[in-house]
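Input: a single structure, listed below in structure tokens.
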Amino acid sequence: MNLLLLILTPLLTAIAVLLPRNKQHVKWVSFFGSIVQSALAFVLFFAFRRARTEDPSSPMLFEQKHKLFEALNINLHLGVDGISVAMILLTSFVVTAGVLVSWNVEKMTKEFHFLLMLLALGAYGLFISLDLFVLFFFLEISVIPKYLLIGIWGSGKKEYAANKLALMLMSGSALILVGILGLYFSNNRDFDLLSLSRASIPGSVQDIIFPLVFTGFGVFTALFPFHTWVPDGHSSAPTAGSMFLAGISMKLGGYGCLRIAIFLLPQAAKHYADIIIILSAIGVLYGAFVTMMQRDLKYINAYSSVSHVGFSLLALGMLTQTAMVGAVMQMVSHGLMTALFFAVIGMIYDRTHTRMVNEMGGLMKAMPFITTAFFIVGLCSLGLPGLSGFVAEMTILVGSWENSGLVHRAATVAAVLSIVVTAVYILRAIAHTAMGPVKHERHLQLKDAAWNEKLAAVILIAGILSIGLAPGWLSDLLKPATEVIMNKLK
Amino acid sequence: MTEFLILMKSELMATALIFILLFIKMGGGMKNGLLLQVIQVLLLVNFITGFFFNKEGNLFGNMFHTSALIAFQKNILNLGVYLIALLNADWLKKTDHLPEFFILMLSALLGMFFMVSSGNLLIFYLSLELSSIPVAAMANFDLHKKNAAEGAMKMILSSAFSSGILLFGISLLYGAMGTISFAEIPQHLDSSPLQVTAFIFIFSAFAFKLSIVPFHLWAADVYEGSPVATASFLSVVSKGAAAFIFITILYKVFQPMQELWYNLLVTVSVLTMLLGNLFALRQQNIKRFLAFSSIAQVAFIVLGISSNDHIGITSVVYFVLVYVFSNLSAFGVASVIAEHSGKENIDDYKGLSKTNPFLGWSLTLALFSLAGIPPTAGFFGKLFLLTAAAAKASYWLIIVAALNMVISLYYYLRVVRAIFIDNNEMPIKKIQADRSAELGLVICSVGILLTGIVSWIYDFIQSLH
Numbered sequence: 001m002n003l004l005l006l007i008l009t010p011l012l013t014a015i016a017v018l019l020p021r022n023k024q025h026v027k028w029v030s031f032f033g034s035i036v037q038s039a040l041a042f043v044l045f046f047a048f049r050r051a052r053t054e055d056p057s058s059p060m061l062f063e064q065k066h067k068l069f070e071a072l073n074i075n076l077h078l079g080v081d082g083i084s085v086a087m088i089l090l091t092s093f094v095v096t097a098g099v100l101v102s103w104n105v106e107k108m109t110k111e112f113h114f115l116l117m118l119l120a121l122g123a124y125g126l127f128i129s130l131d132l133f134v135l136f137f138f139l140e141i142s143v144i145p146k147y148l149l150i151g152i153w154g155s156g157k158k159e160y161a162a163n164k165l166a167l168m169l170m171s172g173s174a175l176i177l178v179g180i181l182g183l184y185f186s187n188n189r190d191f192d193l194l195s196l197s198r199a200s201i202p203g204s205v206q207d208i209i210f211p212l213v214f215t216g217f218g219v220f221t222a223l224f225p226f227h228t229w230v231p232d233g234h235s236s237a238p239t240a241g242s243m244f245l246a247g248i249s250m251k252l253g254g255y256g257c258l259r260i261a262i263f264l265l266p267q268a269a270k271h272y273a274d275i276i277i278i279l280s281a282i283g284v285l286y287g288a289f290v291t292m293m294q295r296d297l298k299y300i301n302a303y304s305s306v307s308h309v310g311f312s313l314l315a316l317g318m319l320t321q322t323a324m325v326g327a328v329m330q331m332v333s334h335g336l337m338t339a340l341f342f343a344v345i346g347m348i349y350d351r352t353h354t355r356m357v358n359e360m361g362g363l364m365k366a367m368p369f370i371t372t373a374f375f376i377v378g379l380c381s382l383g384l385p386g387l388s389g390f391v392a393e394m395t396i397l398v399g400s401w402e403n404s405g406l407v408h409r410a411a412t413v414a415a416v417l418s419i420v421v422t423a424v425y426i427l428r429a430i431a432h433t434a435m436g437p438v439k440h441e442r443h444l445q446l447k448d449a450a451w452n453e454k455l456a457a458v459i460l461i462a463g464i465l466s467i468g469l470a471p472g473w474l475s476d477l478l479k480p481a482t483e484v485i486m487n488k489l490k
Numbered sequence: 491m492t493e494f495l496i497l498m499k500s501e502l503m504a505t506a507l508i509f510i511l512l513f514i515k516m517g518g519g520m521k522n523g524l525l526l527q528v529i530q531v532l533l534l535v536n537f538i539t540g541f542f543f544n545k546e547g548n549l550f551g552n553m554f555h556t557s558a559l560i561a562f563q564k565n566i567l568n569l570g571v572y573l574i575a576l577l578n579a580d581w582l583k584k585t586d587h588l589p590e591f592f593i594l595m596l597s598a599l600l601g602m603f604f605m606v607s608s609g610n611l612l613i614f615y616l617s618l619e620l621s622s623i624p625v626a627a628m629a630n631f632d633l634h635k636k637n638a639a640e641g642a643m644k645m646i647l648s649s650a651f652s653s654g655i656l657l658f659g660i661s662l663l664y665g666a667m668g669t670i671s672f673a674e675i676p677q678h679l680d681s682s683p684l685q686v687t688a689f690i691f692i693f694s695a696f697a698f699k700l701s702i703v704p705f706h707l708w709a710a711d712v713y714e715g716s717p718v719a720t721a722s723f724l725s726v727v728s729k730g731a732a733a734f735i736f737i738t739i740l741y742k743v744f745q746p747m748q749e750l751w752y753n754l755l756v757t758v759s760v761l762t763m764l765l766g767n768l769f770a771l772r773q774q775n776i777k778r779f780l781a782f783s784s785i786a787q788v789a790f791i792v793l794g795i796s797s798n799d800h801i802g803i804t805s806v807v808y809f810v811l812v813y814v815f816s817n818l819s820a821f822g823v824a825s826v827i828a829e830h831s832g833k834e835n836i837d838d839y840k841g842l843s844k845t846n847p848f849l850g851w852s853l854t855l856a857l858f859s860l861a862g863i864p865p866t867a868g869f870f871g872k873l874f875l876l877t878a879a880a881a882k883a884s885y886w887l888i889i890v891a892a893l894n895m896v897i898s899l900y901y902y903l904r905v906v907r908a909i910f911i912d913n914n915e916m917p918i919k920k921i922q923a924d925r926s927a928e929l930g931l932v933i934c935s936v937g938i939l940l941t942g943i944v945s946w947i948y949d950f951i952q953s954l955h
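Going line by line, the protein sequences match chains A and B.
Position 144, counted from 1, in the first sequence is what this note's numbering calls 144; the numbers after and before it change by one each time, with no gaps.
Position in the second sequence (from 1) plus 490 gives the number in this note's numbering.
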């Protein structure tokens with residue numbers, strides 16, 4: 001399959017969205033574009049499985065290389081492995097659902113969908129690029145649309161949140177930039193990921209570059225203590241914006257930590273592993289406990305995202321293959337789950353005009369579909385078997401236990417404890433909103449989900465279930481890919 | 491003779507344009523609107539011819555040197571002047587002395603051409619004077635405005651001061667080695683204290699011209715007082731020309747002293763970045779804001795120059811090209827708005843996207859490019875400058891530069907926020923800008939979007955030298 005299609009489709013969609021005069025047409029164009037993207041993602045998935053059985057050895061498949069800036073040795077080098085395919089599938093799910101839940105955006109509709117597609121472009125591009133410069137380009141492409149999405153369509157203290165998000169993410173990418181330039185000059189002016197992975201970068205250089213790159217991507221993926229943009233950003237963003245932020249953008253960071261920091265700088269990864277584990281264990285526990293104190297549904301999901309993403313960073317720090325598979329699984333699972341969570345919160349807020357848990361109650365009576373989706377996502381979040389959260393967290397915990405160091409054990413125990421806390425806040429949130437007596441009479445008159453909202457929820461639930469019930473397809477994708485990275489770590 | 495014609499093609503074209511304008515002025519019978527269109531066409535022709543018949547060669551006993559790269563650099567300046575004539579159409583149409591304005595601007599441009607081509611400190615000095623004195627007159631073109639006179643006065647005093655310093659440096663250098671030819675100076679350089687002093691004086695003159703720390707303070711006052719057309723000429727074309735000849739002087743003439751000037755450049759660049767950014771944070775007037783932002787931009791050029799290799803040259807030329815599009819576009823929007831509503835403050839721009847979406851998006855795109863946000867060309871320009879500098883620089887230096895980009899993003903976003911997010915009960919009314927101004931904005935926006943992604947432009951510049 002030609003990977004350029006994955007860049008061109010969102011790009012063309014973004015341009016096509018600007019053309020129609022009628023708002024209704026804009027939505028349909030955008031929806032059609034996201035459907036094409038999903039179709040491409042599925043084609044890629046099946047083509048990849050076939051190609052992988054034929055060619056089990058090469059690290060990347062469907063590679064192509066075009067000269068871009070010859071003088072600087074920058075190439076448009078594309079290629080995918082199992083990890084990228086999983087992330088691309090996740091992206092296509094979230095994009096489609098995001099477009100669907102934004103059906104009612106009436107303010108500057110064109111610009112809204114244009115920015116969504118730009119975000120999608122950044123994500124797809126990042127997951128398939130094998131040239132650090134191009135990868136960085138796509139990473140940065142996805143920052144400013146978030147700023148505008150929050151600033152223009154957001155709610156609450158949106159100016160503050162948008163500014164904080166943009167500046168923190170840009171500081172992160174500034175660190176990444178320095179790290180990438182360090183890599184470039186460490187291998188005789190070379191941005192290519194694969195040839196860098198074969199080069200032997202001296203340990204002293206690795207020790208300088210690794211913290212820069214890992215912290216930089218860590219900011220994107222809410223590594224403690226750089227997570228502070230998450231709650232403000234998520235809670236101020238419009239629904240689709242939060243879905244993209246938590247579902248895709250945070251995963252860009254996790255992907256970068258794995259693909260660039262750990263893969264290219266394995267020696268330094270071992271040196272810094274303890275620090276990563278300690279920070280992410282703090283993140284896991286801190287996120288969980290802070291969530292307990294929240295009353296606003298968006299803040300609940302934002303802080304629980306810090307905790308859940310902490311899980312995947314923790315797994316990355318463990319540097320075992322099982323944990324690594326679990327880390328990527330957690331990224332995918334959390335991406336789907338959190339997107340659904342935000343979608344449901346958006347639906348509830350659109351109807352009740354509140355996000356405060358204690359102002360709701362008995363919503364099940366009026367909105368059975370929405371609250372059922374809410375139940376599913378809550379149960380997934382607390383790790384109920386049969387749903388994706390369980391599979392991912394179980395894999396991570398098993399993988400973490402393989403490592404017998406004291407720090408590793410302590411962090412694993414801490415992570416397990418957080419699951420209990422998660423159960424507390426999730427069950428409490430669900431109980432207060434969906435069940436119990438109805439707080440306001442007018443809530444009884446509220447309508448249940450419309451077709452677009454139902455479709456969005458169904459798409460995401462299908463993703464969650466397919467991982468939860470049959471995780472084989474995902475782990476088959478991830479095992480060979482993580483093996484390549486593990487070989488570097490030996 | 492034909493060689494003379496071909497090698498001095500750009501200069502002759504500029505001179506011919508000056509004469510044509512003089513004749514038109516003497517004839518006297520043309521209305522401003524028509525005249526402006528004629529000028530725009532002439533400048534466009536001038537720009538297009540700049541692409542052809544470019545040869546390498548020397549004239550006047552090596553006093554004048556040109557090559558494919560230099561011709562390209564001159565053509566970037568031509569492009570800048572053409573865009574200024576388009577973007578400021580609203581103001582130009584109303585001014586009483588339209589031909590004089592362009593005669594002055596083209597004289598300054600002619601000076602810059604000679605400056606970029608100079609092969610001798612004498613002609614460098616003469617052309618530097620030619621390129622700055624007319625600008626002082628241009629700065630005072632709004633005769634009824636008080637701060638225009640103030641700005642012009644500051645401009646003429648500071649440029650006189652800087653040429654004094656430059657002359658002093660040149661005479662010291664001549665005293666030390668008995669030659670002022672670019673080709674001969676390197677053979678005599680031995681970093682004796684006298685030579686170092688001479689070099690620092692010459693460096694200060696450049697610092698004035700490029701408005702880098704500690705000689706940056708004149709810029710904001712001059713920009714604020716002068717018409718936007720002059721301010722944009724000063725901040726884009728004049729700085730571009732100075733950057734080009736700066737490279738020649740450092741790389742060719744003072745190459746043996748490169749350790750000295752490397753440290754000097756890096757220090758000055760970091761200070762300029764920080765000060766420019768910190769001052770820009772608090773500006774209210776859009777012209778002052780752009781003045782400080784362009785001070786910070788030039789700091790990146792200086793950082794790129796410090797690399798002392800081919801990538802450095804290419805990246806600087808490329809960045810200037812990108813900078814022409816982005817900064818002129820920003821100034822262009824400021825000019826249209828100032829001319830139609832008289833408003834120049836960032837707070838006045840609140841709600842601009844609702845009443846004037848085209849102007850709002852153009853300005854936003856320009857600011858994103860200045861901030862270095864992909865997919866605009868500014869992203870590539872800044873990154874290539876950093877890449878060039880990173881070949882020699884230490885990690886901390888690149889971190890400081892990269893974090894400075896974040897600081898600058900803060901204040902660029904301030905304007906974007908005013909345009910798109912902030913509410914305003916009295917937004918600027920719908921503006922019908924002049925057609926050519928709109929054309930100029932479209933050209934700039936297309937340039938901003940394409941110069942980066944169409945990657946052969948960079949490789950083309952690289953192939954020129």
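For each residue, glycine too, the CB sits at the ideal point set by N, CA and C.
- With respect to the C-alpha of SER388 of chain A, the residue from A:ALA166, A:VAL213, A:SER333 having the closest C-alpha is A:SER333.
- For VAL416 of chain A, the closest alpha carbon among the candidates A:ALA392, A:LEU11, A:LEU427 is that of A:ALA392.
- For LYS67 of chain A, the pairing in a beta bridge is given by DSSP as A:ASN75.
- The region 661–703 of chain B is shown to contain whole alpha helix (DSSP H) runs of 4 or more residues at 675–678, 683–700, in chain order.
- The DSSP-derived three-state label of MET520 of chain B is coil.
- Considering only A:VAL95, A:GLY254, A:LYS447, A:SER236, the residue with the shortest C-alpha distance to SER30 of chain A is A:VAL95.
- Taking the beta carbon of ARG925 of chain B as reference, no residue of chain A falls within 8 Å; the closest one sits roughly 22 Å away.
- Linking MET763 of chain B to GLU159 of chain A through their CA atoms gives a straight-line distance of about 26 Å.
- Exclusion of the five residues before and after THR338 of chain A leaves ALA246, GLY247, ASN301, SER305 as the residues of its chain whose Cβ lies within less than 7 Å of its Cβ.
- By the criterion of a C-beta distance shorter than 6 Å, LEU512 of chain B is surrounded by no residue of its chain, once the five residues flanking it on both sides are discounted.
- Looking at the DSSP output, VAL80 of chain A bridges to A:LEU61.
- Each residue's CA atom was taken as its position, placing LEU265 of chain A and ILE201 of chain A some 8 Å apart.
- For HIS271 of chain A, the enclosing alpha helix (DSSP H) has its first and last residue at 266–292.
- Classified as buried, LYS872 of chain B has 16 or more neighbouring CB atoms from the shown chains inside 10 Å of its CB.
- Remark: C-beta atoms of PHE910 of chain B and SER843 of chain B approach each other more closely than 8 Å.
- THR482 of chain A and GLN321 of chain A have their alpha carbons spaced roughly 6 Å apart.
- One thing to note: ALA366 of chain A has its Cβ no nearer than 8 Å to the Cβ of ALA97 of chain A.
- Taking C-beta atoms under 8 Å as the contact rule, ASN403 of chain A and MET318 of chain A qualify, at a distance of about 5 Å.
- In this structure GLY361 of chain A is in contact with THR433 of chain A, their Cβ atoms being roughly 7 Å apart against a cut-off of 8 Å.
- Between GLY182 of chain A and ILE208 of chain A, the gap from beta carbon to beta carbon is short of 8 Å.
- ASN835 of chain B is positioned such that its CB atom lies closer than 8 Å to that of ASN775 of chain B.
- A distance below 8 Å separates the beta carbons of HIS113 of chain A and VAL26 of chain A.
- The continuous alpha helix (DSSP H) containing ASN817 of chain B extends over residues 800–831.
- Cβ-Cβ separation between ILE508 of chain B and SER597 of chain B: approximately 6 Å, consistent with a contact (criterion under 8 Å).
- Taking a cut-off of 8 Å on C-beta distances, the region 462–477 of chain A touches the region 70–88 of chain A, as three or more cross pairs fall below it.
- Residues of the region 112–139 of chain A whose Cβ lies closer than 7 Å to any Cβ of chain B, in chain order: PHE137.
- Taking 8 Å as the cut-off between beta carbons, the residues of the region 161–174 of chain A near chain B are ALA162, ASN163, ALA166, LEU167, MET170, SER171, ALA174, in sequence order.
- At a C-beta separation below 7 Å, ILE278 of chain A has no neighbours in chain B, since its nearest C-beta there lies roughly 24 Å away.
- For secondary structure counted as the alpha helix (DSSP H) over 4 or more consecutive residues, the region 516–595 of chain B holds these complete runs in sequence order: 522–539, 558–577, 579–584.
- By alpha-carbon distance to GLY832 of chain B, the top candidate from B:PRO917, B:SER617, B:ILE785 is B:PRO917.
- Comparing C-alpha distances from ASN104 of chain A to each of A:TRP153, A:PRO20, A:LEU121 shows the shortest one belongs to A:TRP153.
- Against PRO917 of chain B, chain A offers no close residue; the least beta-carbon distance is about 15 Å (beta-carbon pairs closer than 8 Å).
- Distance from PRO624 of chain B to LEU663 of chain B at the Cβ level is roughly 27 Å; contact not present, criterion being Cβ atoms closer than 8 Å.
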